[in-house]
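Residue numbers (my numbering), protein chains in the order written: chain A, 1 to 414; chain B, 1001 to 1145.
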């Protein structure tokens, strides 16, 4: 080895220190490719954001893009440099990035976040993400339960979502919601869309903001093409709208709800040809948690105070997780080669009951103890149910026939 | 809409068997889809009710007393009470018509018929007339009916 082979070591001991270039994290090579040729103007908030005081720059997915970053197929040195451009990303066989610092272009180290398939690498063997990326789930109601269901489904690899809610994220929601204070005041649909894209930047997320009961004609068309619908709302009218659509269109629907003070709850699976929500609950069903005073006041008396009841996030979580699991079982039905396919045999009931603690309607249950028998909290109980022969949703003809019979004039003996 | 129209047709048949002066308007999906009914109380007073049906049967349909203008025992308008547990009324319409509380939305079922709704309103009207005679709140009489 001679002296000419030795590298020159710039120890930074003389002259002005050189600008230290940041690194860039490029999310999703495929997604970024869609940006090719987008022009930029410095100063707009958006696509390139720094984290940890510029330690990492993150170029976000197309769904969140603004036009701040110039993405080019040629290096900046080959193009006319514009004053406003601060960062270039070249996408060819490889991804390279330069930032404009100290009057020169400095190449950054780039980490290309792996493709969505690789993001869900740890699911491999249980569910191949490629099997779920085209599956579409509508989640109606994005409160503490619905947001958690959405969060777990995207992490399982579900690639398409329809998010439905009419509310904004308020202070009292934050304690139980997937979204935090950073999202305060935002529409729950949009905050959750961002949450989903933060897990899977190429997820397809559509949103609907409105009341699905009063705006049913505007709402129902967006459910077309969904493989499953999750009803995570806090009232029966919206559940009935979802239930009727699910039955009439042969789409599985999963419902979940917490009881008063989240002492427990239930999860319901409405499957094609199975009993529907109306078959299971006559007289409206059990007393539910009042999740917000505003939603309850529509049908309450003004001279009787309505207050939102307390309920812990950890008491809502088991119900939400179980609903996510039921949804996953419906999405993978028929995919017998998957390890989780055994769930289809386990989760065949229409109604499941869960007690968080021996309180309210669960107060008569036995202490958890060590015995597997008897009704005890912290366990799921599946219940068989049948289609009601006079159900107005499952058996509309039979229901209408019974009404017609009652409407006929009775024979009267003079 | 077609399924709903069929149901409303049958509901109207059933209603007319017991309440001859009722009809369902805008069954084809017009803007004022609803039940209009003229109900006679035992005292012979005639009440005109309107029940918008846009959200029926998924939600308990509201029933408003269009005519006459209802007053309480003390002369105040019933609609001025807003929603009241004691009088079994819910929020009045935008036009100030009092809303009879029949089925709480929480206990409503989509198989329940408009006939049953109107029957409960008929009972409320009798309780209301007792209130006009004696002054006790409607709630008092309903619990005895």
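A virtual CB, placed ideally from N, CA and C, is assigned to each residue, including glycine.
- Put simply, the backbone Cα of residue 1110 of chain B is about 60 Å away from that of residue 97 of chain A.
- For the beta strand (DSSP E) assignment, the uninterrupted runs of no fewer than 3 residues enclosed by the region 345–393 of chain A are, from N- to C-terminal side, 351–355 and 380–383.
- If you look at residue 398 of chain A, you'll find it isn't in any beta strand (DSSP E); it sits in the alpha helix (DSSP H) that goes 396–407.
- Contact of residue 236 of chain A with chain B is assigned, a C-beta pair being separated by under 8 Å.
- Flagged as an interface residue toward chain B: residue 399 of chain A, by a C-beta distance shorter than 8 Å.
- Between residue 1113 of chain B and chain A, the shortest Cβ-Cβ separation is below 8 Å.
- Distances from the CA of residue 385 of chain A to each of A/269, A/171, A/195 and A/331 were compared; the closest alpha carbon is that of A/269.
- When CB distances to chain B are screened at a threshold of 9 Å, the residues of the region 248–269 of chain A falling below it are 248, in chain order.
- In the DSSP assignment, residue 255 of chain A is bridged to A/231 and A/268.
- Secondary structure of residue 1078 of chain B (DSSP, three-state): helix.
- Of the other Cβ atoms in all chains shown, 16 or more fall within 10 Å of the Cβ of residue 1102 of chain B; this residue is therefore buried.
- Using a Cβ-Cβ cut-off of 8 Å, residue 1138 of chain B does not count as an interface residue toward chain A, since no Cβ of chain A sits closer than that to its own.
- Secondary structure note for residue 341 of chain A: it is in no alpha helix (DSSP H), with a DSSP letter that is neither H nor E.
- In the three-state reduction of the DSSP assignment, residue 1022 of chain B falls in the strand class, which pools E and B.
- Exclusion of the five residues before and after residue 1141 of chain B leaves 1127, 1130 and 1131 as the residues of its chain whose Cβ lies within less than 7 Å of its Cβ.
- For residue 136 of chain A, the enclosing beta strand (DSSP E) starts and ends at 136–140.
- DSSP places residue 1073 of chain B in the coil class of the three-state scheme, outside both helix and strand.
- Against chain B, a Cβ distance below 7 Å from residue 407 of chain A picks out 1010, 1013, 1014 and 1017.
- Just so you know, the alpha carbons of residue 1058 of chain B and residue 334 of chain A end up roughly 33 Å apart.
- Taking 8 Å as the CB threshold, residue 301 of chain A lines the interface with chain B.
- Comparing alpha-carbon positions, the option among A/215, A/161, A/216 and A/356 lying closest to residue 189 of chain A turns out to be A/161.
- Shortest Cα-Cα distance from residue 1121 of chain B to any of B/1026, B/1037 and B/1024 involves B/1037.
- If you draw a straight line from the Cα of residue 365 of chain A to the Cα of residue 358 of chain A, it is about 6 Å long.
- In this structure residue 219 of chain A touches residue 212 of chain A by the C-beta definition: roughly 4 Å separates them, less than 8 Å.
- The Cβ atoms of residue 1099 of chain B and residue 1063 of chain B lie closer than 8 Å to each other.
- At the C-beta level, residue 1039 of chain B and residue 1053 of chain B stay beyond 8 Å of one another.
- Residue 1129 of chain B carries a helical assignment under DSSP once its states are collapsed to helix, strand and coil.
- In this structure, DSSP gives residue 159 of chain A a state outside helix and strand, which the three-state scheme calls coil.
- In the three-state DSSP reduction, residue 1100 of chain B falls in the strand class (E or B).
- Assignment of beta-bridge partners to residue 187 of chain A by DSSP yields A/168.
- Look at the beta carbons and you see the region 195–209 of chain A not touching the region 239–256 of chain A: under three pairs across the two are nearer than 8 Å.
- Against chain B, the CB of residue 233 of chain A has no partner CB under 8 Å away; the residue lies outside that interface.
- Taking the Cα positions, residue 378 of chain A is about 7 Å away from residue 354 of chain A.
- Annotation for residue 315 of chain A: the continuous alpha helix (DSSP H) segment containing it runs 313–331.
- Think of a sphere of 8 Å around the beta carbon of residue 1023 of chain B: no beta carbon from chain A falls inside it, the nearest being about 14 Å out.
- For residue 214 of chain A, at least one C-beta of chain B is nearer than 8 Å to its own C-beta.
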